[in-house]
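Participant: Residues in the sequence shown are numbered consecutively from 69, following my numbering. We treat Cβ as the ideally placed atom computed from N, Cα and C, and that holds for glycine.
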Amino acid sequence: MKIAICDDDKKLRKDLRHLIEVQLDLMALAYEIEEYESGNSLLEHIDKKEPDILFLDIEMPGMGGMDTAKALRNLEKKMLIIFITAYPDYVFQGYEVHAFHYILKPYEKNKLKEVLESAVKELASQEEQFYIVQQKSGTIRLSVREISYFKSDRRNVCAVQKNGEQVSFYEKLDEVESKLPDFFQRIHNRYLVNMNCISKVESSSCVCSGEELPVSRAYKQPLAVAFAKTMLN
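(1) Quick check on this structure: which residue in 142, 249, 141 and 108 has the alpha carbon closest to the alpha carbon of residue 130?
(2) Would you list, in sequence order, the uninterrupted beta strand (DSSP E) runs of no fewer than 3 residues that lie entirely inside the stretch 164-232?
(3) Alpha carbon to alpha carbon, how far is residue 252 from residue 71?
(4) Where does residue 95 land, buried or exposed, given buried means 16+ other C-beta within 10 angstroms?
(5) Give every residue of the same chain whose Cβ lies closer than 7 angstroms to the Cβ of residue 186, excluding the five residues on either side of it in the sequence, and list them in chain order.
(6) Is the stretch 165-183 touching the stretch 207-227, taking contact as three or more C-beta pairs under 8 angstroms?
(7) May I have the straight-line CA-CA distance separating residue 198 from residue 243, to the nearest angstrom?
(8) Among the residues of its own chain, which have a CB less than 8 angstroms from the CB of residue 234, if the five just before and after it don't count?
(9) Rounded to whole angstroms, what is the Cα-Cα separation between residue 77 and residue 142?
(10) Quick check on residue 290: does DSSP put it in helix, strand or coil?
(11) Starting from residue 88 and walking both ways along the beta strand (DSSP E), at which residues does that stretch end?
(12) Beta strand (DSSP E) containing residue 281: first to last residue?
(13) Can you tell me which of the three DSSP states residue 285 falls into?
(14) Between the alpha carbons of residue 127 and residue 209, how many angstroms are there, rounded?
(15) Return helix, strand or coil for residue 267, following the three-state DSSP convention.
(16) Roughly how many whole angstroms lie between the Cα atoms of residue 299 and residue 151?
(17) With DSSP as the reference, label residue 252 as helix, strand or coil.
(18) If residue 220 and residue 241 are in contact, beta carbons under 8 angstroms, what's the gap, nearest whole angstrom?
(19) My assumption, with CB atoms under 8 angstroms, is that residue 99 sits in contact with residue 74. Please give the rounded CB distance.
(20) For residue 263, tell me which candidate among 276, 256, 177 and 257 has the shortest Cα-Cα distance.
(21) Write down the C-beta distance between residue 224 and residue 205 rounded to the nearest angstrom, noting that I regard them as a contact closer than 8 angstroms.
(22) Would you grab the beta carbon distance between residue 260 and residue 218 for me? Rounded to a whole angstrom, and I think it's under 8 angstroms.
(23) In angstroms with no decimal places, state the Cα-to-Cα distance between residue 140 and residue 222.
Following this line, the structure appears as structure tokens:
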């Protein structure tokens, strides 16, 4: 795992680096950490040393953190950006650059642990995953990311993909759910959706890949929470 810290304050860089190292050591993960004192310095090295996770200070002289993040996204860099700031008001600007999270100064050990664990989990979920379907005609491997939702009629399950293609197979929806990553959410006894495909949530329905699906009362609150987390991330 490659991590970068971009902050003009050397002491704060060192402090943050130490906290990150402690947490990653506890998680038994291999890692490399690079430090940068400015947005320009980071951009100069980004092609050779692109990180998986970037801790980026917002308030820096010259090119600030927000402008640096915009430049990175314009270069189509996909790393997880975690903003560092002393001012909570800046947090809302992070939506423009799809910031993953933020940490307020002074650093709190528990908050850093929470954000870092979440980032590591997100990186793992981004790796290509497949759902294996057994049919009479043979075995089919479906890319999990490309599945919009699953719908079931008792044990007859249908995987609806983003391209509109549907693959039917025989299995309990509960068993399907147990094999999927956390970004899949139950919304109904008969429906299981990819939260990354949800664009709208209403009181009794949601829009998934442009299609309106029913939401039962039992899953209404968990769906609202999951949708809010997806919007934040």
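Facilitator: On the basis of the coordinates in this document:
(1) Here residue 130 is taken as the residue at index 62 of the sequence shown, counted from 1. Ranking 142, 249, 141 and 108 by Cα distance to residue 130 puts 108 first.
(2) Taking only runs of at least 3 residues, the beta strand (DSSP E) segments lying wholly in the stretch 164-232 are 169-172, 198-203, 206-211, 215-221 and 224-229.
(3) For the purposes of this step, residue 252 is taken as residue 184 along the sequence shown, with counting starting at 1. For the purposes of this step, residue 71 is taken as residue 3 along the sequence shown, with counting starting at 1. Looking at the two C-alpha atoms, the distance is approximately 27 angstroms.
(4) Start at 1 with the first residue of the sequence shown, and residue 95 comes out as number 27. Here residue 95 is exposed: its Cβ has fewer than 16 other Cβ atoms, across all protein chains shown, within 10 Å.
(5) Within the sequence shown, residue 186 is the residue found at index 118, counting from 1. Leaving aside the five residues that flank residue 186 on each side, the residues in its chain whose CB is nearer than 7 angstroms to its CB run, in chain order, 169.
(6) No contact exists between the stretch 165-183 and the stretch 207-227.
(7) Against the sequence shown, residue 198 aligns to sequence position 130. Against the sequence shown, residue 243 aligns to sequence position 175. So the two alpha carbons sit approximately 15 angstroms from each other.
(8) Within the sequence shown, the letter at position 166 stands for residue 234. Within the same chain, residue 234 has close Cβ partners 226, 227 and 228.
(9) Position 9 of the sequence shown, counted from the first residue, corresponds to residue 77. Position 74 of the sequence shown, counted from the first residue, corresponds to residue 142. Cα to Cα, the separation comes out at about 26 angstroms.
(10) In the sequence shown, residue 290 corresponds to position 222, counting from 1. Helix.
(11) In the sequence shown, counting from the first residue as 1, residue 88 sits at position 20. Where residue 88 is concerned, there is no enclosing beta strand (DSSP E), although the alpha helix (DSSP H) it sits in stretches over 78-94.
(12) Taking the first residue of the sequence shown as 1, we reach residue 281 at position 213. 279-282 is the extent of the beta strand (DSSP E) around residue 281.
(13) The residue given as residue 285 occupies position 217 in the sequence shown. The answer is helix: DSSP assigns residue 285 an H, G or I state.
(14) Locating residue 127 in the sequence shown gives position 59, where the first residue counts as 1. Locating residue 209 in the sequence shown gives position 141, where the first residue counts as 1. Using only the alpha carbons, I get a separation of about 46 angstroms.
(15) Within the sequence shown, residue 267 is the residue found at index 199, counting from 1. It is a strand residue.
(16) Here residue 299 corresponds to residue number 231 of the sequence shown, with the count starting at 1. Here residue 151 corresponds to residue number 83 of the sequence shown, with the count starting at 1. Residue 299 and residue 151: Cα-Cα distance of roughly 16 angstroms.
(17) Reading the sequence shown from its first residue, position 184 is the one you call residue 252. Strand.
(18) Translated into the one-based positions of the sequence shown, residue 220 becomes position 152. Translated into the one-based positions of the sequence shown, residue 241 becomes position 173. The Cβ separation is near 4 angstroms, so the contact holds.
(19) Looking up residue 99 in the sequence shown gives position 31. Looking up residue 74 in the sequence shown gives position 6. Actually they are not in contact, since the Cβ atoms of residue 99 and residue 74 sit about 17 angstroms apart, beyond 8 angstroms.
(20) As a first step, residue 263 must be located in the sequence shown, where it is residue number 195. For residue 263, the nearest C-alpha among the options comes from 276.
(21) Counted from its first residue, the sequence shown places residue 224 at position 156. Counted from its first residue, the sequence shown places residue 205 at position 137. 16 angstroms between Cβ atoms; not a contact.
(22) On the sequence shown, residue 260 is found 192 positions in, with the first residue counted as 1. On the sequence shown, residue 218 is found 150 positions in, with the first residue counted as 1. Rounded to whole angstroms, the Cβ separation of residue 260 and residue 218 is 4 angstroms, and the two are in contact under 8 angstroms.
(23) Start at 1 with the first residue of the sequence shown, and residue 140 comes out as number 72. Start at 1 with the first residue of the sequence shown, and residue 222 comes out as number 154. Near 47 angstroms, if we compare the C-alpha coordinates of residue 222 and residue 140.
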